[in-house]
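A.B. asks:
Protein chains: 2
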Amino acid sequence: MNILDKIDVPFDIKKLNKKELEELAQTLRTQIIQTTSKNGGHLASNLGIVETTLALYYTFDFPKDKLIFDVGHQCYAHKLLSGRKDSFDTIRTGDGISGFPDRNESEFDAFGAGHAGTAISAGLGFCSARDNKGEDYFVINVVGDGAIANGLNLEALSASNSKPNKYIVILNDNGMSISKNKNGFYRFISKKTAGKGYVASKRRFVKIFGSSFITRWLISVRDFFKRLFNKSDYFEKHGFKYVGVANGNDVGELIKILKSVKYTAQHKAVFLHVKTTKGKGFDKAEEHADVYHGVGANLTCETGSFANTLGEKLNKVIENDKTVVAVTAGMKDGTGLCAVEKQNFQNFYDVGIAEEFAVTYSAGMAAGGLKPIVCVYSTFLQRAYDQIVHDVCMQNLPVIFCMDRAGFVGGDGKTHQGVFDLSYLTHVPNIKIFAPTTLKELELMIDYALELGCPCAIRYPKNAMCEREVLSVKDNPWEIIKNGDKVTLLAVGPRMLQLALDVADKIHGIFVVNARTVKPLCEKTLEQIKNTLIITLEENSVIGGFGSTVCGYYANKQIPVKVINLGVKDRFVAHGSVEEQMQKNGLTIDKITEIITNALGETNEQKD
Amino acid sequence: MNILDKIDVPFDIKKLNKKELEELAQTLRTQIIQTTSKNGGHLASNLGIVETTLALYYTFDFPKDKLIFDVGHQCYAHKLLSGRKDSFDTIRTGDGISGFPDRNESEFDAFGAGHAGTAISAGLGFCSARDNKGEDYFVINVVGDGAIANGLNLEALSASNSKPNKYIVILNDNGMSISKNKNGFYRFISKKTAGKGYVASKRRFVKIFGSSFITRWLISVRDFFKRLFNKSDYFEKHGFKYVGVANGNDVGELIKILKSVKYTAQHKAVFLHVKTTKGKGFDKAEEHADVYHGVGANLTCETGSFANTLGEKLNKVIENDKTVVAVTAGMKDGTGLCAVEKQNFQNFYDVGIAEEFAVTYSAGMAAGGLKPIVCVYSTFLQRAYDQIVHDVCMQNLPVIFCMDRAGFVGGDGKTHQGVFDLSYLTHVPNIKIFAPTTLKELELMIDYALELGCPCAIRYPKNAMCEREVLSVKDNPWEIIKNGDKVTLLAVGPRMLQLALDVADKIHGIFVVNARTVKPLCEKTLEQIKNTLIITLEENSVIGGFGSTVCGYYANKQIPVKVINLGVKDRFVAHGSVEEQMQKNGLTIDKITEIITNALGETNEQKD
């Protein structure tokens, strides 16, 4: 029986002594490593926060008090402690628990998250609700040092110069925002080692002047001036008492500090700065916390094939044209840009978790004569929708967006699905949208987008499954991969194309089209297939994306056609395997075969 | 001949002496007031910045140096000085110049803007481009104290702890962000009156100790400690030299300071803080700068009819249910919430120009048990697309969005058109979307949305033009206003409904439908009209919005229909009158009549 078995309800944590708490931390860590080895997930971030989570549970009363994680990728210990230890091994799987906080899953998950920057806003919202309703509880945010400088968190910190009582922001500072943190705001606050600095300078005084009257006098003069000039202190001016820096991996120390913070917070919001070690307790993850941020099953850290190709391609492009620059927002490993960082550092920009800045900064660079290529996951580029509309497309600036993780993402689940990009981009004037199915196609599209010199978006999932010779995108917007007569499958992206080919293997006479330019549509092909039953296939919402535009095209040309849109149904797609996610959305060989058979039957009947 | 006539090219400004510069400032101000009286526009912000603009032109060399305005609503003096004085009286009109900076209009407009928060990102982008290309120029941002705390600007300020040389951010501090600025970050930096504070405390020392040796010694000790503790100074840690506070309405003082800033900026980026008076030189605007922020022709400040109704309705709702709260992001006058601020201050939140925070904060309040109603213009809510998806809709939280200025906005032009909201919202799961045509309908929709308890968006233009009795929205999603047989006009919003009624007056037998629930669609009506020619009318992109969803509905039910989507074509809509904007997009009685006649002709032919 391990010590975690003793924790039936969170209150049981409060009964443990320091030694037992340390043992529990070790057990949680082992459990996290074991389960992540099996199911994949966020490793380094979850290992670092174990003791802080324990100390929080020891000090506060959840779910009465509200614990809100930013990004949510550090909630595993929290889940293990809040009634989900028995289902923990199902994490990220089809019918299992989510890898992120989810209000539907547990009342301990006060606010769901998967994107960065939301915690402080949500926390302040809870405080307002509590005070409005005359309720009484603590609201606690746990925010990483990468996410703290996201615009949304900065807006929330800044929104007022006062903050509510019983509100605590814990900065989980491991010096990494996925990769090493070079953010200015972070550097600014990371130097605020008030506690330590105070003690150190006292020691210096004693060293110079000895432990005399003059020393004490000098210290008091120093304190006077400190008060005089610290008026402008950032946190005080924003309504917080600042406490720090505490060792976030020392559960005993943390409990002491949290008790005192809890007392202080009765009358003033507290900003508590704790230092943790990302990947703590797992040597490889500690050493390479960036690489071990998110891992696959068996703790593999393979880069996607599209990402690898992108990195190599951009290096080639930059070596020919130094005005091309690669920009990412804290995702250099996942997008493949680490290769560019290595080989062409001068043309590489990682702006941290600040997608909006990444886009408008790129718009500025484009206006100044560069050719920026912004590489951000599909789901995170949602953050910069207005910057794409207002700064890039309205000014028709040559910014290229490379959107990795488009479509279904499997275990990461609903917060990470890249299933809206076609819908949030297709209606934006001036942009062109591409979806490669092979690695070579991605390269051709980058060349073509650079040639076009206008806003372009290229979207693709982690891996290309298709391999074949491809034609130039410029001369052949869509590729007819297989000729047919009665039915056309218009497929966007590699998985949909493979699905279409699989269906065409089963039913004779199907056109299979690689609809690789989503905007503009290929009118030539659309005219060619207008007398067939058309089925659009996309890993994107059926609303407002590719299929929807195809319907609109025919309607407005007043060409009577039969079009069926398959894609992501109008609901959020939970975690599970990509296959399960495709199945739940009717994107299977059987389902499509059935649809075709029924539709052709009806068509025949109508003809009779 | 006035002094502005002497300014043929910007270089001419450099020849003026201080008195002439002051005279020119006066002339510019008169011109701005006169033209705004005629054409409407942004008055108070443009009056405040006149001297700063003049001093910038005196000191720098535009367009070689790049001048980038945040929000862009303070560019009138800049336009008058950069070759556009002769076309200035056409500002905001159909074929005239834009009320905002526009790269297509002039090489002096380095970066276009109409939304807040973009300048620092764009400025840093220009610096990177300049340095990459080995060019040599200054990049200057002018940012208001409201916009400085927008998340995008904060991300840009924070992105790195170093900043490029020859980069200057000017904080145009008039203490207003449309209305009075209560932002925490602003309060924090507004206290940084380094220059003044320094002088004042020196005076205090002299007053207490006299001008003696001990005074000088104390001052030097003070300076020592100041250096010791000011290490953590916000601007220094973010890579700027901070200079301030200067009087931004004193052209002589400003020129002196800018010369020195220009020298300093050779080696270090400078953050220059200037205080200006919003509405300077026009008494009413100085006194009521919030009201005179943006005005109509004849300097009228009338609130829209929907906004008036919203304010009154929310007051009624709040008085019945104290868990309802009204939230806006610096738009309390335009959205009508000033009425709520007056009557129900406890339930009113203006978070400043921070749309993302407004939405996630509301999501937090909803999770905590409140019913937030977020009132933001359609175009500005684009900023919070991901917060709507990830924080509100994914958690199915009862947040209601009231989107004023949906559809065409006239003179404000392309940055302000509310023509994408249906496209960026319709594909988001869990949300319901409404478009009232009468004031009563807005009230009914708010009641219904509160009853639904899920994410809801209500979108409407400034004024309701329709007046008639309306049925409950709950029981009758769409209203058939006029019965017909061969043709159906499905209209969204008051202007489109009026247009439909006007067409129906000309052609006999037309169904006119008030399609007031855009999501979900009214299947009952769609079934009823499926045998008619259907024309959808919306003030939104024809891609991904209402019409597109109607096409998708029929396609996926495999119901063969004739649908034509009318709405905003796939390009940005420039400034002009709403009538011109409708005409350019084919939304006129004549055009629709023609389309119907042609389509019916074809239908008849096909039947023959």
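Sequence order for the protein chains is A and B.
Note that the numbering used here has the first sequence beginning at -7, numbered continuously upward.
Note that the numbering used here has the second sequence beginning at -7, numbered continuously upward.
Glycine included, each C-beta is placed from N, C-alpha and C at the ideal position.
Determine the DSSP secondary structure at A:I438, reduced to helix, strand or coil.
C.D. replies: A:I438 falls in the helix class under three-state DSSP.
A.B. asks: Let me know the secondary structure DSSP gives A:T585 once reduced to three states.
C.D. replies: Correct three-state label for A:T585: helix.
A.B. asks: Beta carbon of A:L558, beta carbon of A:I521: below 9 Å?
C.D. replies: Cβ distance not < 9 Å, so A:L558 and A:I521 don't count as in contact.
A.B. asks: Name the DSSP beta bridge partners of A:Y234, please?
C.D. replies: DSSP output for A:Y234 lists A:F263 as bridge partner(s).
A.B. asks: Compare the C-beta of B:C367 with all C-beta atoms of chain A and state if any pair is closer than 9 Å.
C.D. replies: Answer no: the Cβ-Cβ gap between B:C367 and chain A never drops below 9 Å.
A.B. asks: Which one of A:E531, A:N523, A:L302 has the shortest CA to CA distance from A:A507?
C.D. replies: Minimum Cα distance to A:A507 is reached at A:E531.
A.B. asks: Could you name the residues of chain B that A:S314 contacts, counting a contact when the two beta carbons are closer than 8 Å?
C.D. replies: According to the sequence shown, residue 314 of chain A is Lys rather than Ser. Under the 8 Å cutoff, chain B gives N124.
A.B. asks: For B:P364, write down the residues that DSSP places opposite it in a beta bridge.
C.D. replies: Answer by DSSP bridge pairing, in chain order: B:V317.
A.B. asks: Reducing DSSP to helix, strand and coil, say where A:V465 ends up.
C.D. replies: In the structure shown, A:V465 sits in coil (DSSP, three-state: anything other than H, G, I, E or B).
A.B. asks: Are the region 113 to 122 of chain A and the region 23 to 39 of chain A touching by the rule of at least three beta carbon pairs closer than 8 Å?
C.D. replies: The answer is no - the region 23 to 39 of chain A does not touch the region 113 to 122 of chain A, with fewer than three Cβ pairs under 8 Å.
A.B. asks: Strictly below 9 Å CB to CB, what residues from chain B border A:Q374?
C.D. replies: Correct list: Y377, D378, V381, H382.
A.B. asks: Could you please tell me which residues of the region 526 to 545 of chain B, in chain order, have their CB closer than 8 Å to any CB of chain A?
C.D. replies: If the cut-off is 8 Å between Cβ atoms, the region 526 to 545 of chain B has S533, V534, I535, G536, G537, G539, S540, T541, C543, G544 near chain A.
A.B. asks: At the level of alpha carbons, what is the spacing between A:K305 and A:L431?
C.D. replies: Looking at the two C-alpha atoms, the distance is approximately 10 Å.
A.B. asks: Under 8 Å, with one C-beta from each stretch per pair, do the region 49 to 57 of chain B and the region 103 to 112 of chain B reach the 3-pair mark?
C.D. replies: Too few Cβ pairs lie closer than 8 Å, so no.
A.B. asks: Listing by chain order, which chain A residues have their CB less than 7 Å from the CB of B:P616?
C.D. replies: As displayed, chain B neither begins before -7 nor continues past 600, which places residue 616 of chain B out of reach and without an answer.
A.B. asks: Just to make sure I have the definition right: I need the residues of chain B whose C-beta is within less than 9 Å of the C-beta of A:T407. Which are they?
C.D. replies: Within chain B, the residues near A:T407 are H382, M386.
A.B. asks: Measuring only the C-alpha atoms, how far is B:A299 from B:G326?
C.D. replies: Computed Cα separation, rounded: 7 Å.
A.B. asks: Please name the residue, chosen from A:W470, A:V505, A:V381, that lies closest to B:V565 on a Cα-to-Cα basis.
C.D. replies: If we check each option's Cα against that of B:V565, A:V381 comes out closest.
A.B. asks: I'd like the ranges of any beta strand (DSSP E) spanning at least 3 consecutive residues and lying wholly in the region 519 to 574 of chain B.
C.D. replies: DSSP runs (the beta strand (DSSP E)) wholly in the region 519 to 574 of chain B: 525 to 533, 554 to 560.
A.B. asks: Can you tell me whether B:C67 is helix, strand or coil according to DSSP?
C.D. replies: In the structure shown, B:C67 sits in coil (DSSP, three-state: anything other than H, G, I, E or B).
A.B. asks: Quick one, are the C-beta atoms of A:L513 and A:V504 less than 9 Å apart?
C.D. replies: No; because the gap between Cβ atoms is not below 9 Å, this pair is not in contact.
A.B. asks: Closer than 7 Å, Cβ to any Cβ of chain B: which residues of the region 343 to 362 of chain A, in chain order?
C.D. replies: Within the region 343 to 362 of chain A, the qualifying residues are V343, G344, A346, E348, F349, T352, Y353, S354, A355, G356, M357, A359, G360, G361, L362.
A.B. asks: Output yes if chain B places a C-beta closer than 9 Å to the C-beta of A:H259; else output no.
C.D. replies: Taking Cβ atoms only, chain B never reaches closer than 9 Å to A:H259, which makes this a no.
A.B. asks: Among the residues of its own chain, which have a CB less than 8 Å from the CB of B:A604, if the five just before and after it don't count?
C.D. replies: Since the first residue shown for chain B is -7 and the last is 600, residue 604 of chain B is missing from the structure and cannot be characterised.
A.B. asks: Just curious, the beta strand (DSSP E) that A:N164 is in, first and last residue?
C.D. replies: It spans 159 to 165 - the beta strand (DSSP E) in which A:N164 sits, taken as one unbroken run.
A.B. asks: Quick check: A:L149 and B:G176, are their CB atoms within less than 9 Å of each other?
C.D. replies: Yes. Within cutoff.
A.B. asks: Here's a check: name, in chain order, each residue in its chain whose Cβ is nearer than 8 Å to the Cβ of A:L542, leaving out the five neighbours to either side.
C.D. replies: The amino acid at residue 542 of chain A is misidentified as Leu; the sequence shows Val. Result list for A:V542: L482, L513, L518, I526, T528, V555, N557, in chain order.
A.B. asks: Within 9 Å of any Cβ in chain B, is that where the Cβ of A:T295 sits?
C.D. replies: Closer than 9 Å: no.
A.B. asks: Let me know the secondary structure DSSP gives B:N(-6) once reduced to three states.
C.D. replies: Coil, per DSSP.
A.B. asks: So, is the C-beta of A:G117 closer than 9 Å to a C-beta in chain B?
C.D. replies: Closer than 9 Å: yes.
A.B. asks: Assuming the contact rule is C-beta atoms closer than 8 Å, B:D378 and A:R375 should be a hit. Round their C-beta distance to whole Å, please.
C.D. replies: Contact holds; Cβ gap of about 5 Å.
A.B. asks: Give the straight-line distance between the Cα atoms of A:L578 and B:G578, rounded to the nearest whole angstrom.
C.D. replies: The residue you asked about is not Leu; residue 578 of chain A is Gly in the sequence shown. C-alpha separation (whole angstroms): 38 Å.
A.B. asks: Inspect the CB distances between the region 446 to 461 of chain B and the region 386 to 399 of chain B and report whether three or more fall short of 8 Å.
C.D. replies: Contact holds: three or more Cβ-Cβ distances are below 8 Å.
A.B. asks: Counting contacts by CB-CB distance shorter than 9 Å, is A:H500 in contact with chain B?
C.D. replies: Cβ-Cβ to chain B under 9 Å: no for A:H500.
A.B. asks: According to DSSP, is B:D342 helix, strand or coil?
C.D. replies: Residue state, collapsed to three classes: strand.
A.B. asks: What does the alpha-carbon distance come out to for the pair A:D(-3) and A:T28?
C.D. replies: Their Cα atoms are separated by approximately 20 Å.
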